[in-house]
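Notes follow once the structure below has been shown.
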Amino acid sequence: MAIFALGINHKTAPVALREQVAFAPEQILDALRELTQQTQVSDAVILSTCNRTELYFNGSPEQSKQVIRWLSEFHQLDSLELNQHLYLYQGDQASSHLMRVACGLDSLVLGEPQILGQVKQAYSHSRQAGTINPQFERLFQKTFSVAKQVRTETDIGASAVSVAFAAVSLARQIFGQLGKVKVLLIGAGETIELVAKHLLEQGAEKMTVANRSYDRAAALAAQFGGEVVSLSQVPQALANADVVISSTASTLPIVGKGMVEQALKKRRHKPMFFVDLAVPRDIEEQVAELEDAYLYTVDDLQSIVAQNLQNRQEAAAQAEQMIQTGVVEFSQWLALHGQLDWVKNYRDKGEAVRDELTAKALKQLASGQDPEKVVAELAMKLSNRLMHAPTKALRQLLQDEQPQQQTLIHSLLDL
1 MAIFALGINH KTAPVALREQ VAFAPEQILD ALRELTQQTQ VSDAVILSTC NRTELYFNGS
61 PEQSKQVIRW LSEFHQLDSL ELNQHLYLYQ GDQASSHLMR VACGLDSLVL GEPQILGQVK
121 QAYSHSRQAG TINPQFERLF QKTFSVAKQV RTETDIGASA VSVAFAAVSL ARQIFGQLGK
181 VKVLLIGAGE TIELVAKHLL EQGAEKMTVA NRSYDRAAAL AAQFGGEVVS LSQVPQALAN
241 ADVVISSTAS TLPIVGKGMV EQALKKRRHK PMFFVDLAVP RDIEEQVAEL EDAYLYTVDD
301 LQSIVAQNLQ NRQEAAAQAE QMIQTGVVEF SQWLALHGQL DWVKNYRDKG EAVRDELTAK
361 ALKQLASGQD PEKVVAELAM KLSNRLMHAP TKALRQLLQD EQPQQQTLIH SLLDL
């Protein structure tokens, strides 16, 4: 029996195939039970996200082949095609992979924090389905411990590595808490949607969306309870905005220096923070000349992101060392756990022999046989049965004539 990690991710397969292999949340519990029943693996965890689907299980190499067949049949996929995109890790490699995933080292964005919560959710589903046993219980607890250590003792998640997150991080550095900060988002595409998501996560509550398409702006604003204005209303909306983040496909600037000057006058020169994520620019570069306006462009943010990514890569190297230590510690526990099973099995076998011979002796006594003869026979048979296998093994070991081995045998036998 060994621990296996079987999976498909953003590195090995296109999104079209990843979509087909994904498990919907409502499928997980039934899938776990079906997997363990059909393949007889002793533990099973299914981790399914937009970038990966992974199955962790405890079984034999032959059972790993059965799990692959089960996965292709469950999703009604051609097994030969699926095999081309799968990876399979065993033993320490499987444990290491799980820990790297939980720490964000195997993510599309290095060090992203959401994956740890997704691993915890996968573990919770398996506990609910009853597909977690002591070995996996220990493996996942060790994984969570290592992930916590990586988060607290390295800078793996401290720096922004996307321009959208960098923009929000800068706003938070300038204003501190964003709960009372008024934000104007210009545009309603993927970049602005990501910015809005990060703002919401950082506590921003007062957001307004301005876009050429009112319906698209309204759809985005509805996700976080924001307000909507048209592009023609941007000059008026600027006066109420502490933070302005823009990303449109416009070929001409939307926010000009004069427009910002008027807004600053209405605000009595209360500072404004501008982030222009568009190429070509949405905000005239002359805005940066104004005393109370602070303008960052996409180039400014990309240099920050590049430095932050370097910081994360350095933190990732530290994390790899922590993961390696975690894998060794789990491997040691696994070896000891196996040895404890040997001890338990040996004791169980001895107790079974004892109970068998005791029951026979009691029957002899009940039938009126001589108690002394019964006790003597019990003692002789019990000692012979208990000493037979160890004596045979000891004779074979002693033939090797290794001094250290003989010293250990003397110590074990208390000679």
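Going by full-length UniProt numbering, the first residue of the sequence shown is number 1, and it counts up by one from there. Every residue, glycine too, gets a C-beta built ideally from N, C-alpha and C.
Item                                                                                                                                                                      : Value
If you drop the 5 nearest sequence neighbours on each side, which residues of the same chain put their C-beta closer than 6 Å to that of Asp276?                          : Ser246, Asp282, Ile283, Thr297
Using the three-state DSSP reduction, which class does Arg385 fall into: helix, strand or coil?                                                                           : helix
Identify the continuous beta strand (DSSP E) that holds Asn9 and give its terminal residues.                                                                              : 2–9
May I ask you to list the residues that DSSP assigns as paired with Val294?                                                                                               : The residue asked about is misnamed: residue 294 is Tyr in this sequence, not Val. Phe273, per the DSSP bridge assignment.
Measuring only from the beta carbon, is Leu362 closer than 7 Å to any heavy atom that is part of the ligand COA?                                                          : In the structure on display, the ligand COA does not appear, and there are no ligands present to speak of.
Going straight from the alpha carbon of Val21 to that of Arg151, what length do you get?                                                                                  : 30 Å
If you compare alpha carbons, which of Leu252, Ala44, Pro271, Leu86 is closest to Lys11?                                                                                  : Leu86
Identify which residue in Leu178, Glu314, Ser213, Asp92 has its Cα closest to the Cα of Lys206.                                                                           : Leu178
Let me know if Gln307 comes out buried or exposed under the rule of 16 or more other beta-carbons within 10 Å of its beta-carbon.                                         : exposed
Would you decide whether Leu340 is buried or exposed? Buried here means 16 or more other CB atoms lie within 10 Å of its CB.                                              : Low confidence applies here, because Leu340 scores a pLDDT of 49, under 50, leaving its location unreliable; read the following figure in that light. The residue is exposed, with fewer than 16 neighbouring Cβ atoms inside 10 Å.
Quick one: give me the first and last residue of the beta strand (DSSP E) that Glu284 is part of.                                                                         : That residue, Glu284, is in no beta strand (DSSP E); it is neither H nor E in DSSP.
Could you name the residues that DSSP lists as bridge partners for Gln90?                                                                                                 : Phe4
According to DSSP, simplified to helix, strand and coil, what is Leu105?                                                                                                  : coil
Ordered along the chain, which non-local residues of its own chain (more than five positions away) have a Cβ less than 7 Å from that of Ala237?                           : Leu184, Thr208, Ala210, Val229
Excluding the 5 residues preceding and the 5 following Glu19 in the sequence, name in chain order all residues of the same chain whose CB lies nearer than 7 Å to its CB. : none
Between the segment 328–336 and the segment 185–198, do three or more beta carbon pairs fall short of 8 Å?                                                                : no
Secondary structure at Leu47, three-state DSSP: helix, strand or coil?                                                                                                    : strand
Classify Arg100: buried if its beta carbon has 16 or more other beta carbons within 10 angstroms, exposed otherwise.                                                      : buried
Residue range of the alpha helix (DSSP H) that Ala164 falls in?                                                                                                           : 163–175
Distance, Cα to Cα, Thr131 vs Ala2?                                                                                                                                       : 16 Å
Quick check on Gly59: does DSSP put it in helix, strand or coil?                                                                                                          : strand
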